[in-house]
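*Asks:* Right, I'll just put the structure down here and ask away after.
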Amino acid sequence: MPRNLASDPAHAGSRRSPWVAYASACAVAWLLYVLAGAEFQRGLWQLWQAVYQATLSLWPPMVLGVAVLPWVRRIQGGQGGTAAEVALHGVGAIAFGAAWQACDYAVSSLLYGHVYANVMLTQTVLWRAIWGVIAYAAIATAFTAWLQALRARAASLAAAQAESALARAELAVISGKLNPHFLFNTLNSLIALTRKDAKEAEAALMRFSGMLRYVLDTKRHASDRVTLGDEIEFVRDYLALESLRLGRRLRVDWQLDPETFADEIPPLSLQPLVENAIQHGIAPRVDGGRVGIRSARNLINRGLELSVEDDGAGCEPATLDDPAPARSGIGLTALRRRFALDYNGRARLQIRTQPGAGFRVDLWIPQ
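Residues in the sequence shown are numbered from 32 upward in steps of one, following the numbering used here.
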């Protein structure tokens, strides 16, 4: 057994489970022996005699079987090959049979004397040796299967932990792609604003400092959650900065359910979609356009539904599989990958678009 499992209190139940099964198997074997030897039609005395014979015959292998588990564990923990393991099991079977003979001889000598014990030893030595090998093989096989199942469980747990660590590392990389992308674009907007209105630029920088604090807070851990309300406030600040650049060309339609504001989402899940809509759907148009942001509670599964849409030019849905299409961007691609890793893959991202019909992204996040 691996040391980490042996010392882990959480696996105490796993350590006790073979002994419960072993005791149950011994009880069943003893009961079958009694039923095979009892003649109920001849009275209660025959039943007690069968109980006596079963107990006298089976107690040695039952007690000796307890020592088989550490022996099997030692064999499996060794560095020898299959031949070495077979040889060690052969030694174990011989030792088991010899110990069984010794126990029988000692009890017979104690109850009936040495003469009777010698006679019984002569008559039963061959059969005891055969049954010793059979009993050892059965007990060793059962303990071997249990130890292998325990190791398989430990390996599965280790694999799951490694996969989780890999996913967390990949989420951290994805988050690192989202944040610099957002910061770069926002700083470009602020630089452009300083050339037009220094006073407005100063106010915008104060707003931007609050946004930067939000982004840095989300960098503490890639799998942290934030409330939808906090993300909405962050998006409002971002839209306020974009409005300084785009003016009346940017129109925002909010359709938010206040009951969803306490729902938890991965940080920077909503802002990249809004940024994508502005960059590709609104900014290229002379007369601008509309960005719609919606949140709602799914009445069937109680999950959180979010959508971000624009009335821009849209695109062909087939181009979304292109690694560098006009509307994919770093934010949308990273968010798609993040949702594939997070929430055990249960969160969903769906894109609806057609040329001339705008672009819409629907999210469903379990709560």
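Quick reminder that beta carbons are idealized off the backbone N, C-alpha and C, glycines included.
Looking at the structure shown, is Glu347 part of a helix, part of a strand, or coil, going by DSSP?
*Replies:* What you label residue 347 is simply residue 316 of the sequence shown in a count that begins at 1. The answer is coil: DSSP assigns Glu347 none of H, G, I, E or B.
*Asks:* To the nearest angstrom, report how far apart Val322 and Ser274 are at their CA atoms.
*Replies:* One-based indexing of the sequence shown puts residue 322 at position 291. One-based indexing of the sequence shown puts residue 274 at position 243. Taking the straight line from one Cα to the other gives about 12 angstroms.
*Asks:* Whether or not the stretch 373-382 and the stretch 266-273 are in contact is what I'm after, with contact meaning three or more pairs of Cβ atoms, one per stretch, closer than 8 angstroms; do they touch?
*Replies:* As far as the Cβ criterion goes, the stretch 266-273 does not touch the stretch 373-382, which means the pair count is below three.
*Asks:* When you measure from the CB of Val392 to every non-hydrogen atom of the ligand SAH, does any distance come out below 7 angstroms?
*Replies:* As far as ligands go, the structure on display features none, and thus does not contain the ligand SAH.
*Asks:* Where are the alpha helix (DSSP H) runs, 4 residues long or more, that stay fully inside the stretch 208-282, in chain order?
*Replies:* Entirely contained in the stretch 208-282, the alpha helix (DSSP H) runs reaching 4 residues are, in chain order, 229-249, 259-277.
*Asks:* Counting along the chain, where does the alpha helix (DSSP H) carrying Val122 start and finish?
*Replies:* Counting from 1 along the sequence shown, the entry for residue 122 is found at position 91. Looking at the DSSP string, the run of the alpha helix (DSSP H) that includes Val122 is 113-143.
*Asks:* Run the CB neighbour count on Asp248, radius 10 Å, all protein chains shown included, and call it buried at 16 or more, exposed below.
*Replies:* Within the sequence shown, numbered from 1, the residue matching residue 248 stands at position 217. With fewer than 16 other Cβ atoms within 10 Å, it is exposed.
*Asks:* Comparing C-alpha positions only, which one of Gln398, Ala344, Phe127, Leu89 sits nearest to Val164?
*Replies:* Residue mapping note: residue 164 aligns to position 133 of the sequence shown, counting from 1. The shortest C-alpha separation from Val164 is found at Phe127.
*Asks:* Using 8 angstroms as the Cβ pair cut-off and three pairs as the minimum, do the stretch 329-343 and the stretch 292-309 touch?
*Replies:* The stretch 329-343, when compared against the stretch 292-309, does touch it at the 8 angstroms Cβ threshold.
*Asks:* Determine the DSSP secondary structure at Ile382, reduced to helix, strand or coil.
*Replies:* Here the question's residue 382 lines up with position 351 in the sequence shown. Residue state, collapsed to three classes: strand.
*Asks:* Thinking just about the alpha-carbon of each residue, which of Val94, Leu119, Val97, Ala114 is nearest to the one in Ile106?
*Replies:* Translated into the one-based positions of the sequence shown, residue 106 becomes position 75. Closest by alpha carbon: Leu119.
*Asks:* Compare the C-alpha of Leu100 against each of Gln80, Thr113, Thr86, Ala124 and name the closest.
*Replies:* Here residue 100 corresponds to residue number 69 of the sequence shown, with the count starting at 1. When only C-alpha atoms are compared, the closest one is Ala124.
*Asks:* Is it right to say Pro298 is buried, meaning 16 or more other beta carbons lie within 10 angstroms of its own, or is it exposed?
*Replies:* In the sequence shown, the residue the question calls residue 298 occupies position 267. Per the 10 Å Cβ criterion, buried.
*Asks:* Assuming Gly345 contacts Ala388 (C-beta within less than 8 angstroms), just tell me the rounded distance between them.
*Replies:* Translated into the one-based positions of the sequence shown, residue 345 becomes position 314. Translated into the one-based positions of the sequence shown, residue 388 becomes position 357. With a Cβ gap of about 5 angstroms, Gly345 and Ala388 count as contacting.
*Asks:* Identify every residue that forms a DSSP beta bridge with Trp285.
*Replies:* The count along the sequence shown starts at 1 and reaches residue 285 at position 254. Answer by DSSP bridge pairing, in chain order: Ile324.
*Asks:* Mark Asp135 as exposed unless 16 or more other C-beta atoms lie within 10 angstroms of its C-beta, in which case mark it buried.
*Replies:* By one-based count along the sequence shown, residue 135 stands at place 104. Classification for Asp135: buried.
*Asks:* Taking Leu277 and Ile324 to be in contact with their CB atoms under 8 angstroms, please state how far apart those CB atoms are, rounded to whole angstroms.
*Replies:* Residue 277 sits at position 246 when you count from the first residue of the sequence shown. Residue 324 sits at position 293 when you count from the first residue of the sequence shown. Not a contact, Cβ separation roughly 16 angstroms.
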